[in-house]
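Undergrad: This is the structure I want to talk about, given as structure tokens.
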Amino acid sequence: MKAYIGLGANLGDLSATLQAALQALDALPQSRLLAVSSGWRSAPVDAGGPDFLNAVACLETALAPLDLLDALQAIEQAHGRERPYRHAPRTLDLDLLLMEGQVLSHARLSLPHPRLHQRAFVLRPLLELDPGLSLPGIGRLDAQLPAVAGQRLHFDGVLWPQAGNGQRPG
């Protein structure tokens, strides 16, 4: 099934970290990286600190949602992720945004991610990969863009050479 993963970093060499994380995603067992959005720069949510570099990856995987979450957290830890407090700056943040056909409410994971439609740094790259994406109870995600138009977000180019052509999406 397809899984969409949000990637973000605001400490260290952001581009190199996200590229290494993409390689790690592509190397996960029973998984294959299908597509990667462009990179997008955004301000931190509810916190100070440097800007984030964000992207979304589409992964074909046979892993169960909680197994994939464990794998994502292992990749974060391998890249020095610490969790001293909520919204702390981070070397790498990997969020499981949604998995095809999966609705889950668990203490460790909610699918789809409950705030993905409220964040420009998730919506724009996600819509690059699937422009017609719609979620139950929310509807078409492109219809959510006006609500996040005030959030600072800047196109940053191609992160993964196999994805896109470096042109700014519409």
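Residue numbering for the sequence shown follows our numbering, beginning at 458 and increasing consecutively.
From the three backbone atoms N, C-alpha and C, an ideal C-beta is built for every residue, glycine too.
1) Nearest to residue 589 by CA position, among 582, 599, 581, 580, is which residue?
2) Secondary structure at residue 513, three-state DSSP: helix, strand or coil?
3) Distance check for residue 569 and residue 560, CA to CA, integer angstroms please.
4) Which two residues bound the contiguous alpha helix (DSSP H) that contains residue 550?
5) Any idea what DSSP makes of residue 493, helix, strand or coil?
6) How long is the line joining the alpha carbons of residue 481 and residue 532, rounded to whole angstroms?
7) Indicate whether residue 528 and residue 520 have their beta-carbon atoms separated by less than 8 Å.
8) Can you give the Cα-Cα distance for residue 489 and residue 459, rounded to whole angstroms?
9) Please name the residue or residues paired with residue 578 in a DSSP beta bridge.
TA: For this structure:
1) For this step, residue 589 is matched to residue 132 along the sequence shown. The shortest Cα separation from residue 589 among 582, 599, 581, 580 belongs to 599.
2) Indexing the sequence shown from 1 puts residue 513 at position 56. Note: residue 513 maps to strand in three-state DSSP.
3) As a first step, residue 560 is located in the sequence shown; it is residue number 103 there, counting from the start. As a first step, residue 569 is located in the sequence shown; it is residue number 112 there, counting from the start. Between residue 560 and residue 569, the C-alpha separation is close to 6 Å.
4) As a position in the sequence shown, residue 550 is number 93, starting the count at 1. Counting along the chain, residue 550 falls outside any alpha helix (DSSP H), though it belongs to the beta strand (DSSP E) covering 550-556.
5) Residue numbering aside, residue 493 sits at position 36 when the sequence shown is read from its first letter. Strand.
6) Counting from one through the sequence shown, the residue named residue 481 turns up at place 24. Counting from one through the sequence shown, the residue named residue 532 turns up at place 75. Looking at the two C-alpha atoms, the distance is approximately 7 Å.
7) If you number the sequence shown from 1, residue 528 lands on position 71. If you number the sequence shown from 1, residue 520 lands on position 63. For residue 528 and residue 520, yes; Cβs fall inside 8 Å.
8) For the purposes of this step, residue 489 is taken as the residue at position 32 of the sequence shown. For the purposes of this step, residue 459 is taken as the residue at position 2 of the sequence shown. Those two C-alpha atoms are separated by around 10 Å.
9) As a working note, residue 578 is residue 121 in the sequence shown. Note: residue 578 sits in no beta bridge, so no partner.
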